[in-house]
Amino acid sequence: MDLVIGRSRSAAARRRREVAERRTRAIAAAAGVTTGAVLVAEVLRVWRRGDAPLPGETEDVVLAAEQAIGQTVEVAVAGYKGGSTRENALLNLHLSFLATFVLTRVSTRLLRERGRWGPLRNVVVGDHHIHHFVPGIAMAFLAGGVSIVSRDEDLDPYLAVPFGAGVALTLDESALLLKLDDVYWSEEGIVSVQITLATLAMLSALALALRVLRRGEAEVLEHDHEIGHGMPGMVVPVPSFP
0 MDLVIGRSRS
10 AAARRRREVA
20 ERRTRAIAAA
30 AGVTTGAVLV
40 AEVLRVWRRG
50 DAPLPGETED
60 VVLAAEQAIG
70 QTVEVAVAGY
80 KGGSTRENAL
90 LNLHLSFLAT
100 FVLTRVSTRL
110 LRERGRWGPL
120 RNVVVGDHHI
130 HHFVPGIAMA
140 FLAGGVSIVS
150 RDEDLDPYLA
160 VPFGAGVALT
170 LDESALLLKL
180 DDVYWSEEGI
190 VSVQITLATL
200 AMLSALALAL
210 RVLRRGEAEV
220 LEHDHEIGHG
230 MPGMVVPVPS
240 FP
């Protein structure tokens with residue numbers, strides 16, 4: 000009887016885990032599609048407003064697409080350079096957080112399956128497994144401490160990168176810290192953390208990135224338009240010959 004109950008509980012736990020993993024994969028796919036759609040929409044927007052010929056205006060669509068993508072990158076760079084120090088620091092923090100979160104989840108999955116992934120492996124000191132929230136806390140503490148002590152706003156965009164990475168490493172194991180148990184790969188530790196943090200970081204980063212891109216468009220595309228067509232209201236003198 001106990002054996003039957005144990006098997007039933009194991010099967011139920013396995014089904015819950017499979018449902019949680021399917022839900023997580025679906026949300027990850029939706030997030031990826033959304034992010035890709037935003038990037039494609041921005042390229043098309045710059046293509047339509049920029050100097051690259053539209054598909055109906057040229058025979059070499061690939062070359063025109065390359066030109067549009069290049070101008071989109073130029074728009075992003077110009078928008079980033081034109082931003083305030085605080086805005087760039089916030090964007091760096093979110094992008095660093097998101098990239099570290101994704102890389103951590105991928106690497107821990109591969110380490111769990113293979114035991115080692117390139118130079119990455121589980122760190123064990125004596126009988127203790129060192130979880131990645133330990134270097135995460137150290138990174139965030141050091142970066143935040145330097146920012147507070149130095150009081151140099153020009154350093155903040157650079158310090159935001161290790162700070163965001165450290166926070167991502169720490170919050171990725173927040174379920175472990177809350178439960179005081181290694182529930183990282185259980186439904187308790189995987190679903191809420193992945194969904195909440197990844198969605199928040201993605202939406203925040205996209206909102207900031209779009210502000211940067213809009214500002215870059217105003218600088219790059221309008222400047223190119225003025226060069227090509229003359230300043231609005233400008234009267235270009237035409238020399239007359241006797």
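Residue numbering for the sequence shown follows numbering that gives the first Met the number 0, starting at 0 and increasing by one per position.
From the three backbone atoms N, C-alpha and C, an ideal C-beta is built for every residue, glycine too.
- Between the region 158-168 and the region 139-148, the count of Cβ pairs shorter than 8 Å is three or higher; the stretches touch.
- Contact annotation: Gly82 and Val211 have beta-carbon atoms nearer than 8 Å.
- Spanning the alpha carbons of Arg14 and Glu20 requires a straight line of approximately 10 Å.
- A direct Cα-to-Cα measurement between Gln66 and Pro54 gives close to 12 Å.
- By the Cβ-count criterion, Thr169 is buried, with 16 or more other Cβ atoms from all chains shown falling within 10 Å of its own Cβ.
- When only Cα atoms are considered, Val42 and Ala75 end up about 11 Å apart.
- Taking C-beta atoms as the reference points, Ala88 and Asp155 count as a pair closer than 8 Å.
- For Ser149, the secondary structure class from DSSP, reduced to helix, strand or coil, is helix.
- The three-state reading of DSSP puts Asp50 in coil, since its state is none of H, G, I, E or B.
- Here Thr34 carries a helix assignment [DSSP, helix/strand/coil].
- Between the C-alpha atoms of Glu17 and Glu172 there is a straight-line separation of about 20 Å.
- Taking a contact as a CB-CB distance under 8 Å, the pair Phe96 and Val166 counts as one, their CB atoms being some 6 Å apart.
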